[in-house]
Structure formats: structure tokens, C-alpha cells
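Peer 1: In the numbering used here, the protein residues as written are 13 to 414. Idealized CB from N, CA, C, for every residue including glycine. These numbers come from a predicted model, not from an experiment.
The following block contains the structure:
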């Protein structure tokens with residue numbers, strides 16, 4: 013496949029479908045600065061490019077003797093190359109949405125009737141780009157949920173990030189890419205697009221993509237608020253879910269980590285498992301007080317590498333200097349936001365302190381307290397004053413609020 017990869021790298025660099033600039037990196041929607049920008053939609057512009065991609069995919073299938081009954085394409089970037097490949101192979105084509113339609117029959121997969129299944133048919137899925145792997149694997153799972161068989165995915169380009177490699181291995185799905193990151197760098201260097209120093213910086217990026225910018229003078233999230241990052245991540249992950257990480261040790265309570273399991277490794281696996289479904293992970297500080305600074309940073313880094321935001325669930329509730337100490341450590345460990353209890357009455361100060369360190373502040377408003385309904389203010393049925401509430405305490409007495 014090297015010959016296809018080399019030629020595709022030349023095409024992509026020439027039409028600027030791939031741009032490399034480690035000295036003046038690109039700001040991605042997530043707020044991170046990255047030395048590479050990829051837009052494979054530019055390959056749609058010429059018939060010769062579309063046919064070249066489809067020919068390369070067919071070569072992969074023939075060479076690796078990959079079985080298939082139909083071709084699937086991810087929505088939307090995988091639809092065009094997937095359709096062209098299906099035409100070459102003379103087989104049916106489906107495409108997989110990132111989420112069900114919000115109207116009609118709410119289909120997740122188009123190309124089959126909503127009441128039918130794939131009935132065990134073997135599907136090879138086409139994707140344009142594989143980065144962290146989360147969205148690509150959602151397509152794999154959707155086909156499997158429809159009783160289809162998916163063991164192989166084809167991609168035009170693949171960053172080759174370690175986290176994506178691990179995710180696909182865990183999902184037992186093999187990725188075949190026309191262009192790999194290594195071939196791209198070699199081709200770009202040979203044709204003089206980048207220097208040897210650029211290659212070194214680009215190799216550093218793949219090893220640690222979400223901390224690369226800060227190391228090279230381009231701080232993460234510069235001029236991007238937590239609210240903006242949250243919105244962008246929700247759009248990217250197609251999810252509003254935030255997974256709470258409360259890793260109770262064995263014997264601490266009824267629901268805990270199994271006996272003999274390393275807690276840090278368990279947490280790292282938890283983050284990996286929730287990454288296809290969540291936009292953020294809320295790490296409860298009370299459960300990881302035994303973690304070292306490095307262990308916490310590693311956990312946060314994995315969360316970022318999988319395309320999610322990391323929230324320090326410390327529930328800060330103290331005077332300004334103490335809160336600021338909490339923000340300092342959260343920043344050092346790479347968190348995106350910190351939870352805060354507004355009871356001391358210093359919310360405005362806390363907001364300024366958090367924002368000064370590039371952190372979001374999440375105030376406690378409604379907690380998951382089983383006794384909440386017993387303790388929240390309720391309108392008084394016998395009061396004519398609508399501003400008067402009666403506080404229903406856990407005891408039989410009532411306290412009147414005015």
C-alpha cells in the first residue's frame with residue numbers, strides 16, 4: 013500500500029487537503045493548537061481523485077482477502093468514497109448517521125428498511141479520517157446493533173494515535189488506511205514541504221497531541237472559554253453525557269473496584285470505555301487523593317486524547333486563597349474546569365480566579381441528594397402570601413421562609 017499512500021500524500025499536500033505547519037500551528041475547534049490540518053473533502057473536487065481513492069480501497073480488499081456483502085460509509089465524509097467503492101464492487105451501499113434522525117422513522121442506518129436488520133451480512137465501513145477513533149467506532153457499533161458483521165474499516169487517512177489503535181483493538185475491528193502518518197511525513201520531507209526539524213516536532217505531536225501546543229508555546233484553549241469548548245466537544249462527540257468517575261476502593265462500600273485491581277489502571281480503562289459515548293469525565297477528587305501528580309496528569313491526558321473534557325470535581329468551598337490553591341493544582345494537572353460550592357458567597361471572586369488560570373467554574377445548583385425533596389422549600393398551602401415558603405425539614409417541624 014506504500015505506493016498508494018505516497019501518491020495520495022502528494023495529491024493531498026498539493027491540493028492542500030492536508031496542511032503541515034508546526035511552527036505556526038492550526039487552532040482546532042476544540043481550542044487545541046495542532047501542527048496538522050486535514051480536510052479530505054477537497055479530494056471530491058476531481059473525478060480522478062475520487063477514483064484513485066476507490067481504487068486504493070479495492071486494492072486493500074483484494075490484497076487482504078477481506079470478505080464483504082456490502083459497503084458502509086460514515087456520515088457524511090465517508091458517503092462519497094464509500095459509494096464509489098460500492099459501485100466498483102457492484103454491491104449494496106448503506107451509510108451510518110452519527111445519530112438517529114430527529115424526525116420520521118428516526119433511522120440510524122440509511123439503505124435498509126427501518127423495520128429490517130442486516131441479518132448477519134458482512135459490512136466493510138469506509139471512513140475519511142481516523143483521529144481518536146471514538147466517532148468511527150460508533151458507526152461500527154451501529155452496524156453491529158443492526159445485526160451486521162463488521163471486522164474491517166477502511167480510511168483515507170489515519171493519524172495513528174495510540175489511543176485510537178487501542179480502541180480499535182478492543183473493538184476487534186482492523187483498520188486499513190490508504191495514507192498513514194509516517195508515509196505522509198516521509199513524503200512531505202522528500203518533496204521539501206517540511207524540514208527535518210519539522211518532522212521532529214510532528215512526531216512529537218503524535219506521541220502527545222493534546223499537550224503538544226502548550227509545550228511549544230501555544231497554550232491549550234487560548235481565548236476559548238470552557239463553555240465554548242463544551243459546545244464544540246458536544247458537537248464533535250455528538251453527546252451531552254458527562255461520566256462521573258468515583259472509583260471506590262475494594263471494601264470501601266458495596267459498589268467498588270474488584271479486589272486486587274490497580275485503581276489507576278481501572279480509571280484509565282474506565283475513561284477509554286466511556287469515550288465513545290461521552291463529552292466529558294468528571295473526576296471526583298475525594299476518590300483519587302492517593303494518586304500522585306503524575307498519575308492524575310496521566311488520567312487527564314488520556315481523557316483529552318480520547319476527545320473529552322476533564323472536570324476536577326473538588327467542590328471547592330472556602331475563602332479566596334484556598335480556592336485559588338485548588339485552581340492552581342487543577343491547572344497544573346491539565347483539567348478544563350473545577351466544581352465549586354457557592355455557599356461562602358464569593359462566586360464572583362472564584363470565577364475570576366478560575367478564568368485567570370484558563371479554567372471553567374461549575375457551580376453546584378442541584379445535587380444528587382436522596383433527601384433533596386424533603387429539604388427543598390415548598391409553597392405553603394395555607395398562606396395567602398405567595399412569597400412565603402415552608403421549609404420541609406427531615407423532622408416533623410416546619411420552618412417558615414419569607
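Can you check whether the CB of residue 225 is closer than 7 Å to the CB of residue 45?
Peer 2: Yes. Within cutoff.
Peer 1: From the DSSP output, which residues share a beta bridge with residue 349?
Peer 2: BP columns for residue 349 point to 323 and 372.
Peer 1: In terms of residues, what are the limits of the beta strand (DSSP E) holding residue 140?
Peer 2: Here the beta strand (DSSP E) through residue 140 covers 134 to 142.
Peer 1: Give the single residue among 130, 238, 305 and 173 whose Cα lies nearest to the Cα of residue 367.
Peer 2: Checked all of 130, 238, 305 and 173; the closest Cα to residue 367 is 238.
Peer 1: If you follow the beta strand (DSSP E) that residue 103 is in, where does it begin and where does it stop?
Peer 2: Counting along the chain, residue 103 falls outside any beta strand (DSSP E), and DSSP gives it neither H nor E.
Peer 1: So, under 8 Å CB-CB, residue 162 and residue 152 are touching, yes? Tell me the CB distance rounded to an integer number of Å.
Peer 2: Indeed, because the Cβ distance is near 5 Å, the residues count as touching under 8 Å.
Peer 1: How long is the line joining the alpha carbons of residue 206 and residue 252, rounded to whole angstroms?
Peer 2: So the two alpha carbons sit approximately 39 Å from each other.
Peer 1: Report the rounded CA-to-CA distance for residue 247 versus residue 14, giving the unit in angstroms.
Peer 2: Approximately 34 Å between the Cα atoms of the pair.
Peer 1: For the region 270 to 282 and the region 316 to 328, state whether three or more C-beta atom pairs, one from each stretch, are separated by less than 8 Å.
Peer 2: Contact fails: fewer than three Cβ-Cβ distances are below 8 Å.
Peer 1: Candidates 306, 49 and 40: which alpha carbon is nearest residue 32's?
Peer 2: For residue 32, the nearest C-alpha among the options comes from 49.
Peer 1: Just mark residue 93 as buried or exposed, buried being the case when its beta carbon has 16 or more other beta carbons within 10 Å.
Peer 2: Counting Cβ neighbours within 10 Å, residue 93 comes out buried, since at least 16 surround it.
Peer 1: Going by beta carbon distance, what residues of the same chain come within less than 6 Å of residue 228, once the five residues before and after it are set aside?
Peer 2: Excluding residues within five positions, none has a Cβ falling inside 6 Å.
Peer 1: Taking 8 Å as the limit between beta carbons, can you name the residues of its chain near residue 132, skipping five residues before and five after?
Peer 2: Excluding residues within five positions, the ones whose Cβ falls inside 8 Å are 159, 160 and 161.
Peer 1: Compare the beta carbon distance of residue 83 and residue 97 with 7 Å and say whether it is the shorter of the two.
Peer 2: Cβ distance < 7 Å, so residue 83 and residue 97 count as in contact.
Peer 1: Within the continuous beta strand (DSSP E) that includes residue 173, where are the two ends?
Peer 2: Per DSSP, residue 173 belongs to no beta strand (DSSP E) and is neither H nor E.
Peer 1: How is the beta strand (DSSP E) around residue 299 delimited, first residue to last?
Peer 2: It is not in any beta strand (DSSP E) - residue 299 carries neither H nor E in the DSSP assignment.
Peer 1: Report the three-state DSSP secondary structure of residue 196 (helix, strand or coil).
Peer 2: Looking at residue 196 - three-state DSSP - the assignment turns out to be helix.
Peer 1: Can you give me the C-alpha to C-alpha distance between residue 25 and residue 200, rounded to a whole angstrom?
Peer 2: Taking the straight line from one Cα to the other gives about 8 Å.
Peer 1: Which of the three DSSP states, helix, strand or coil, is assigned to residue 255?
Peer 2: Here residue 255 sits in strand by DSSP.
Peer 1: Is residue 208 helix, strand or coil when you go by DSSP?
Peer 2: If DSSP states are grouped into helix, strand and coil, residue 208 belongs with the helices.
Peer 1: Mark residue 203 as exposed unless 16 or more other C-beta atoms lie within 10 angstroms of its C-beta, in which case mark it buried.
Peer 2: With fewer than 16 other Cβ atoms within 10 Å, it is exposed.
Peer 1: Put residue 158 into one of helix, strand or coil per three-state DSSP.
Peer 2: In this structure, residue 158 counts as coil in the three-state DSSP scheme.
Peer 1: Taking the alpha helix (DSSP H) that residue 30 falls in, what are its first and last residues?
Peer 2: Not the alpha helix (DSSP H): residue 30 falls in the beta strand (DSSP E), residues 30 to 32.
Peer 1: List the DSSP bridge partners of residue 86.
Peer 2: Per DSSP, 108.
Peer 1: I'd like to confirm the pairing. Which residues does DSSP put opposite residue 25 in its beta bridges?
Peer 2: Partner(s): none; residue 25 has no beta bridge.
Peer 1: Scan the region 212 to 244 and note each continuous alpha helix (DSSP H) run of 4 residues or more that stays entirely inside, going in chain order.
Peer 2: Runs found: 221 to 227.
Peer 1: Keeping to the same chain, check which residues put their C-beta closer than 8 Å to that of residue 250; ignore five residues upstream and five downstream.
Peer 2: Counting only Cβ-Cβ distances below 8 Å, and skipping sequence neighbours, we find 110, 111, 147 and 150.
Peer 1: Is residue 52 helix, strand or coil by DSSP?
Peer 2: In this structure, residue 52 counts as helix in the three-state DSSP scheme.
Peer 1: Give the DSSP-derived three-state secondary structure of residue 266 in the structure shown.
Peer 2: Residue 266: coil per DSSP, three-state reduction.
Peer 1: From residue 19 to residue 188, what distance separates their C-alpha atoms?
Peer 2: Near 16 Å, if we compare the C-alpha coordinates of residue 188 and residue 19.
Peer 1: Expressed to the nearest angstrom, what Euclidean distance is found between the alpha-carbon atoms of residue 375 and residue 326?
Peer 2: Spanning the two alpha carbons is a distance of roughly 11 Å.
Peer 1: When the Cα atoms are used, what is the spatial distance from residue 259 to residue 299?
Peer 2: Answer to the nearest angstrom: the Cα atoms are 6 Å apart.
Peer 1: Taking 7 Å as the limit between beta carbons, can you name the residues of its chain near residue 125, skipping five residues before and five after?
Peer 2: Excluding sequence neighbours, residue 125 sits near nothing in its chain.
Peer 1: From this set, 30, 28 and 47, which residue's C-alpha is nearest residue 36's C-alpha?
Peer 2: Nearest of 30, 28 and 47 to residue 36, Cα basis: 47.
Peer 1: Return yes when the Cβ of residue 164 is within less than 7 Å of the Cβ of residue 91, no when it is not.
Peer 2: No, these two residues do not count as a Cβ contact at 7 Å.
Peer 1: Is the separation between the beta-carbon of residue 54 and that of residue 27 shorter than 7 Å?
Peer 2: Result yes, Cβ atoms of residue 54 and residue 27 sit closer than 7 Å.
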